[in-house]
Amino acid sequence: MSEVKSGDKVRIHYTGTLKDGTVFDSSAGRDPLEFEVGSGQIIPGMDKHLPGMTVGEKKTIVAVADEAYGPRHDDAQQPVPRAQIPADIPLEVGLQLQMQSPQGQVIPVTVVAVTDEDVILDANHRLAGEDLTFDIELVEIV
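Residue numbers (the numbering used here): 6 to 147.
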């Protein structure tokens, strides 16, 4: 039976959970996730566990924060004067917005606090700083 190696295109089913068991993502009810192993298309902490797997094999792996979405950075939060936010945007904690860097790069941010003067925006990925557990099943080597 063929084993996965770097450069193979594979299809997997997966369920990702946090330490407390909360599911943050899953392919259940969807087509399997398809990608090239070792290409950087998925987080390194998952990618490194795929070589050597065979079709139908299941395993549970842990991707530590540094091999997932990285650590949280306090400096990724910044206050923006409320007056700079368009009035038609209903500001509430948890709202996802997009900012643009001076170089034109789109940066997803989350509203984490709203005061009369400022809106605090967080550019950390929502899973930054988290160790992630994945139950994976290799469905196919394409």
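The beta carbon of each residue, even a glycine, is placed where N, CA and C say it ideally should be.
Measure the beta-carbon distance from residue i to residue j and round it to whole angstroms, keeping in mind my assumption that it falls under 8 Å.
i: residue 142; j: residue 17; result: 6 Å
i: residue 12; j: residue 42; result: 7 Å
i: residue 51; j: residue 139; result: 6 Å
i: residue 77; j: residue 21; result: With 8 Å as the limit, residue 77 and residue 21 do not qualify as a contact, their Cβ atoms being about 18 Å apart.
i: residue 129; j: residue 92; result: Actually they are not in contact, since the Cβ atoms of residue 129 and residue 92 sit about 27 Å apart, beyond 8 Å.
Drop a sphere of 10 angstroms on the beta-carbon of residue i, count the other beta-carbons inside from all chains shown, and report buried for 16 or more, exposed for fewer.
i: residue 127; result: buried
i: residue 23; result: exposed
i: residue 28; result: exposed
Per DSSP, what are the beta-bridge partners of residue i in this structure?
i: residue 118; result: 125
i: residue 68; result: 137
i: residue 53; result: In DSSP, residue 53 forms no bridge with anything.
i: residue 84; result: 125
Could you work out which residue in the options is closest to residue i when comparing CA atoms only?
i: residue 146; options: 20, 92, 38; result: 38
i: residue 122; options: 78, 83, 103, 40; result: 83
i: residue 79; options: 144, 125, 15, 19; result: 125
i: residue 119; options: 107, 14, 10, 95; result: 95
i: residue 117; options: 30, 44, 109, 131; result: 131
i: residue 10; options: 49, 55, 109; result: 55
Does the region 84 to 103 come close enough to the region 57 to 70 that 3 or more CB-CB pairs lie under 8 Å? no
Determine, using beta-carbon pairs with one atom in the region 110 to 118 and one in the region 28 to 36, whether at least three such pairs fall under 8 Å. no
Count the CB pairs spanning the region 48 to 61 and the region 93 to 104 that are closer than 8 Å, and state whether there are at least three. no
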